[in-house]
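Notes for the one structure printed next.
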Amino acid sequence: MLSTKYSFKNYHSRRFKIAQYCLVLALILLFLTPSLGSEEGRDTGWDQVPISTDNDFNDVLALNSTSAFVIGENGKIYYTIDSGGNWSEQDSGVILDLNAIEFNNQAIAVGDSGTVLVNDGDSWFDNSIEGAGNLYDLSIPYFDTLENSVIFVSGTGGEIWKWSDNSWEDLSNLTGTTNDIYAIDFVNENEGFAVGADGLIIGTIDGGESWETRESPEGFDEFSFYDVIIFGYQGNPVSALIVGENGTIIQSSGTGPTAIGFIWKVPSEESHPTNTTSTIKSISGSSRFKFWVVGDDNFVALTEDGGNSFYNQSQLQNTGSDFTAVSFWDGYSGFAVGEEGTVMYTDREGQDPRVLDTAISYDTFWKYAKYAFPFLKEGMYNTLKIIVLAIFMGFTIGVTLAVFKTSQMNIRIPRSLPNEDGVWKYFNFNPLKFFATIYTDIFRNTPLLVQFFFIYFGLVEIGIDLTFESILGPERALERAYGSAVVALGLNSGAYQTEIIRSGIQAIPSGQMEAGRSIGLTYLQTMRYVVLPQAIRIVIPPLGNETVNLVLNSALASAIGFGEITRKGRLLISLTFETFWTWTLVLMFYFVITYTLANILKYVEKRLKIPGLGLGGND
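Following my numbering, the numbering of the sequence shown begins with 10 at its first residue and continues without gaps.
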């Protein structure tokens, strides 16, 4: 017997040493293998489309995935229906510069010296404002016919004009400023913002009858703001973004209509999440989380997480021009315009790839690992942040619902009318067990990725904001992707931990519950002091497996833009095109976390197991 046990241990010891040698050999080969990257140019996600003019363009309006207007110097208006393959010039009737164009049932453009043009099919007619200065932007919150519409325009010297009741009304004396107002946007007929020179932000909630100055974040009040966009749901504002000088992008969000715009902050911890000091001129998006910004020095960037991180698309075509405007029809198709007749088009988000048009080359895996380590270390830190909270949340849910599932709190409900003898028939209904069963069935029988999307994209649409700003305050509010990842992982893990802990409770002899009740303890007291401590010790092995599984599932947080290990790996690939080495490093980071965690849990299991009882009791 001793000889057999000794041989068995030696056999496994040899296998372990062989595995170690293989791992070391694999790492050496990776270190010595030439780089798999390339310095060859890559295809870009944007295409420059030809147009027969060298006039500067000031704005673009995407009408659908292939049709758009572009406007600019000297009253130029061009129209395409084939993604920029062919352009037709339309007669504007003016030679003044046109600065902005919007669409709501009809396209309307504004320009210098109070110019307002309204599109009527193939032609434009004049609806200019007499006595107005240069107009820089407009917003159309409501349009039925021109006579029955609401339009706001902004311009020089604090000018804001409102079109309603078939006439223009000057609101300039109500704005409280003489700064140039470069952009204006309304989410409905009453609520809107206007931004401009020297950090100007003003807001209204009564259709422009009164305006309030809103404070810019500290350090941003000296910059001019050139565009503002409000994202709304069912006519109410949900969040707003402003872009401007020095790569500025600031954000405001809240839970109520009037809360938006009172507190502005940068979307991430960095002062300039766009990583540029160029002036940003325009913003356009398909949602409050996915949008593009463009500006001077050939700058174009995409964010998919509300502005916390950007994919720089600046080297996508090397035009060398300043971009002035961008407009996307959906999350994939859009146009960007700029100086000297520059027009770009994409139907693939501006990606292929998203960051550079040339790859960074590394001679050895070791050199690449040194470059990549800071990125992945940050990702590992972010992964640990969400799994620690998710484990705690899941365990709390698991213990609670496991007690629910094993509770004896039955309610007698009549199932039929009394018989001839007056006897009622009943069935027992346990509401706690019913609730716990519904919860576990939902989260164990739906894909975790779909749960991530539902929590991240869906809940905000019904007013549930997982930044927890109302609880923590605006300064300590969580990144929404962070809060959503914790909640999604915690809720999902809680369903599995419920079943694990329930099995542990049921593994405890029923006599212990009876003994606890016999000495005067309540059901909950017996469960807390007698049953649960033993049950938790029994189920440590499956709880450990669930914890490791939770770590692996955390990679799905990359799908909602949270910067954990997998997302950092995707960022590295977009920077370097080192696909093989990057994913090798990502695998190694996950292995370090899970292997360390598994061994800690193995030690805890060994120390706490109950000999002869349950899952952990077999020696």
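Glycine is no exception: its CB is placed at the ideal position from the N, C-alpha and C atoms. From a predicted model like this one, the values you see are computed outputs, not experimental measurements.
Next item on the list: Could you tell me which uninterrupted alpha helix (DSSP H) segments, each at least 4 residues in length, are contained entirely in the segment 290-338, listed from first to last along the chain?
Entry: none
Notebook entry, point to check: What separation, rounded to the nearest whole angstrom, lies between the Cα atoms of V302 and K290?
Noted result: Locating residue 302 in the sequence shown gives position 293, where the first residue counts as 1. Locating residue 290 in the sequence shown gives position 281, where the first residue counts as 1. Answer to the nearest angstrom: the Cα atoms are 8 Å apart.
Item checked: Proximity winner among A490, D131, G102 and L126, relative to I90 (alpha-carbon distances) -> On the sequence shown, residue 90 is found 81 positions in, with the first residue counted as 1. Of the candidates A490, D131, G102 and L126, the one whose C-alpha sits nearest the C-alpha of I90 is D131.
Next item on the list: Count the other CB atoms, across all protein chains shown, that sit within 10 Å of the CB of P150; report buried if there are 16 or more and exposed otherwise.
Entry: The residue you call residue 150 lines up with position 141 of the sequence shown. With 16 or more Cβ atoms within 10 Å of its Cβ, P150 is classed as buried.
Item checked: For T184 and T267, the rounded distance between their alpha carbons -> Here the question's residue 267 lines up with position 258 in the sequence shown. Here the question's residue 184 lines up with position 175 in the sequence shown. Reliability fails at T267, whose pLDDT of 46 lies under 50, so the model's placement of it is uncertain and the value that follows must be treated cautiously. Whole-angstrom Cα-Cα distance: 18 Å.
Next item on the list: Write down every uninterrupted run of the beta strand (DSSP E) in the segment 50-81 whose length is 3 residues or greater and which is fully enclosed by it, in chain order.
Entry: 54-57, 66-71 and 77-81
Next item on the list: Leaving out five residues on either side along the sequence, give the residues of the same chain with a beta carbon under 7 Å from the beta carbon of K442.
Entry: Here the question's residue 442 lines up with position 433 in the sequence shown. Taken in chain order, the residues that qualify are F413, K414 and S416.
Check: Excluding sequence positions up to five away, which residues of its chain have a Cβ less than 6 Å from the Cβ of R453?
Finding: The count along the sequence shown starts at 1 and reaches residue 453 at position 444. Within the same chain, Cβ atoms closer than 6 Å to the Cβ of R453 are found at A504, the five residues on either side in sequence being excluded.
Margin query: Looking at the secondary structure, which residues open and close the alpha helix (DSSP H) in which K442 lies?
Written below: For this step, residue 442 is matched to residue 433 along the sequence shown. Start and end: P440 to R453.
Next item on the list: Return the chain-ordered list of same chain residues with a C-beta closer than 6 Å to the C-beta of D331, the five sequence neighbours on each side being excluded.
Entry: Taking the sequence shown and counting its residues from 1, the one referred to as residue 331 is at position 322. Cβ within range, chain order: D305, G347 and E348.
Checklist line | Burial state of R223, where buried means 16 or more other Cβ atoms lie within 10 Å | finding: Counting from one through the sequence shown, the residue named residue 223 turns up at place 214. By the Cβ-count criterion, R223 is buried, with 16 or more other Cβ atoms from all chains shown falling within 10 Å of its own Cβ.
Margin query: Helix, strand or coil for M536? Go by DSSP, reduced to three states.
Written below: Counting from 1 along the sequence shown, the entry for residue 536 is found at position 527. Note: M536 maps to helix in three-state DSSP.
Next item on the list: Determine the DSSP secondary structure at A206, reduced to helix, strand or coil.
Entry: Within the sequence shown, residue 206 is the residue found at index 197, counting from 1. Helix, per DSSP.
Item checked: Coil, strand or helix - I239 by DSSP -> Along the sequence shown, read from residue 1 onward, the residue named residue 239 stands at position 230. It is a strand residue.
Check: Do you know how far the Cα of V309 is from the Cα of G294?
Finding: By 1-based counting over the sequence shown, the position of residue 294 is 285. By 1-based counting over the sequence shown, the position of residue 309 is 300. Between G294 and V309, the C-alpha separation is close to 13 Å.
Checklist line | Segment limits, beta strand (DSSP E) that includes F152 | finding: Here residue 152 refers to the residue found at position 143 when the sequence shown is read from its first residue. In this chain, the beta strand (DSSP E) harbouring F152 covers L144 to T154.
Next item on the list: Compute the Euclidean distance between the alpha carbons of E614 and I545, then round it to the nearest angstrom.
Entry: Your numbering for residue 614 matches position 605 in the sequence shown. Your numbering for residue 545 matches position 536 in the sequence shown. Their Cα atoms are separated by approximately 10 Å.
Margin query: Here's the rule I'm using: 16 or more other beta-carbon atoms within 10 Å means buried, otherwise exposed. How should V601 be labelled?
Written below: Along the sequence shown, read from residue 1 onward, the residue named residue 601 stands at position 592. By the neighbour-count definition (other C-beta atoms within 10 Å, threshold 16), V601 is an exposed residue.
Item checked: Buried/exposed call for P59, threshold 16 Cβ in 10 Å -> Along the sequence shown, read from residue 1 onward, the residue named residue 59 stands at position 50. By the 10 Å Cβ count, P59 comes out exposed.
Check: Are the Cβ atoms of T124 and L147 separated by less than 7 Å?
Finding: One-based indexing of the sequence shown puts residue 124 at position 115. One-based indexing of the sequence shown puts residue 147 at position 138. Taking 7 Å as the Cβ cut-off, T124 and L147 do not qualify as a contacting pair.
Next item on the list: Could you check the C-alpha separation between L72 and I609 for me, to the nearest Å?
Entry: By 1-based counting over the sequence shown, the position of residue 72 is 63. By 1-based counting over the sequence shown, the position of residue 609 is 600. CA-to-CA, the gap between L72 and I609 works out to about 58 Å.
Margin query: Between which two residues does the alpha helix (DSSP H) holding L594 run?
Written below: Along the sequence shown, one-based indexing puts residue 594 at 585. Here the alpha helix (DSSP H) through L594 covers T588 to L617.
Margin query: Along the chain, where does the beta strand (DSSP E) containing K386 start, and where does it finish?
Written below: Numbered from its first residue, the sequence shown carries residue 386 at position 377. Taken as a continuous stretch (DSSP letters only), K386 belongs to no beta strand (DSSP E), being part of the alpha helix (DSSP H) at F374 to K414.
Next item on the list: Decide if the segment 246-254 is in contact with the segment 164-174; the criterion is three or more beta carbon pairs, one per stretch, under 8 Å apart.
Entry: no
Next item on the list: Under 7 Å Cβ to Cβ from A607, same chain only, skipping five residues before and after it: list those, please.
Entry: Taking the sequence shown and counting its residues from 1, one reaches residue 607 at position 598. Within the same chain, A607 has close Cβ partners G553 and V557.
Next item on the list: Just the C-alpha distance for N391 and L311, rounded to the nearest angstrom, thanks.
Entry: As a position in the sequence shown, residue 391 is number 382, starting the count at 1. As a position in the sequence shown, residue 311 is number 302, starting the count at 1. Their backbone Cα atoms lie some 22 Å apart in a straight line.
Notebook entry, point to check: Buried or exposed: where does D194 fall if 16 or more other Cβ atoms within 10 Å of its Cβ makes it buried?
Noted result: For the purposes of this step, residue 194 is taken as the residue at position 185 of the sequence shown. Per the 10 Å Cβ criterion, buried.
Check: Which whole-angstrom value describes the C-beta separation of A206 and S233, a residue pair presumed to lie in contact below a C-beta threshold of 8 Å?
Finding: Taking the sequence shown and counting its residues from 1, one reaches residue 206 at position 197. Taking the sequence shown and counting its residues from 1, one reaches residue 233 at position 224. Indeed, because the Cβ distance is near 5 Å, the residues count as touching under 8 Å.
Margin query: Measuring only the C-alpha atoms, how far is L393 from I80?
Written below: Numbered from its first residue, the sequence shown carries residue 393 at position 384. Numbered from its first residue, the sequence shown carries residue 80 at position 71. For L393 and I80, the distance between alpha carbons rounds to 50 Å.
Notebook entry, point to check: In its own chain, which residues sit with a C-beta less than 6 Å from the C-beta of Y465, not counting the 5 before and 5 after it?
Noted result: For this step, residue 465 is matched to residue 456 along the sequence shown. Answer for Y465: S493 and I569, listed in chain order.
Check: CB-CB under 6 Å to K85, same chain, minus the five flanking residues each way: which ones, in chain order?
Finding: Along the sequence shown, one-based indexing puts residue 85 at 76. Same-chain partners within the cutoff: N64.
Notebook entry, point to check: Can the beta-carbon of V560 be found less than 7 Å from the beta-carbon of T603?
Noted result: Here residue 560 is taken as the residue at index 551 of the sequence shown, counted from 1. Here residue 603 is taken as the residue at index 594 of the sequence shown, counted from 1. Yes, they are a contact pair.
Notebook entry, point to check: Where does L617 land, buried or exposed, given buried means 16+ other C-beta within 10 angstroms?
Noted result: Within the sequence shown, residue 617 is the residue found at index 608, counting from 1. With fewer than 16 other Cβ atoms within 10 Å, it is exposed.
Notebook entry, point to check: Taking Cβ to Cβ, would you say I214 is nearer than 7 Å to E227?
Noted result: Sequence index remark: in the sequence shown, residue 214 carries index 205 (1-based). Sequence index remark: in the sequence shown, residue 227 carries index 218 (1-based). No, they are not a contact pair.
Notebook entry, point to check: Using the rule of at least 16 other Cβ atoms within 10 Å of the residue's Cβ for burial, across every protein chain shown, is P440 buried or exposed?
Noted result: Here residue 440 corresponds to residue number 431 of the sequence shown, with the count starting at 1. When all chains shown are included, P440 counts as exposed.
Note to self: Assuming E358 is part of the beta strand (DSSP E), what are its boundary residues?
What the structure shows: Taking the first residue of the sequence shown as position 1, residue 358 is located at position 349. First-last of the beta strand (DSSP E) with E358: V352 to G359.
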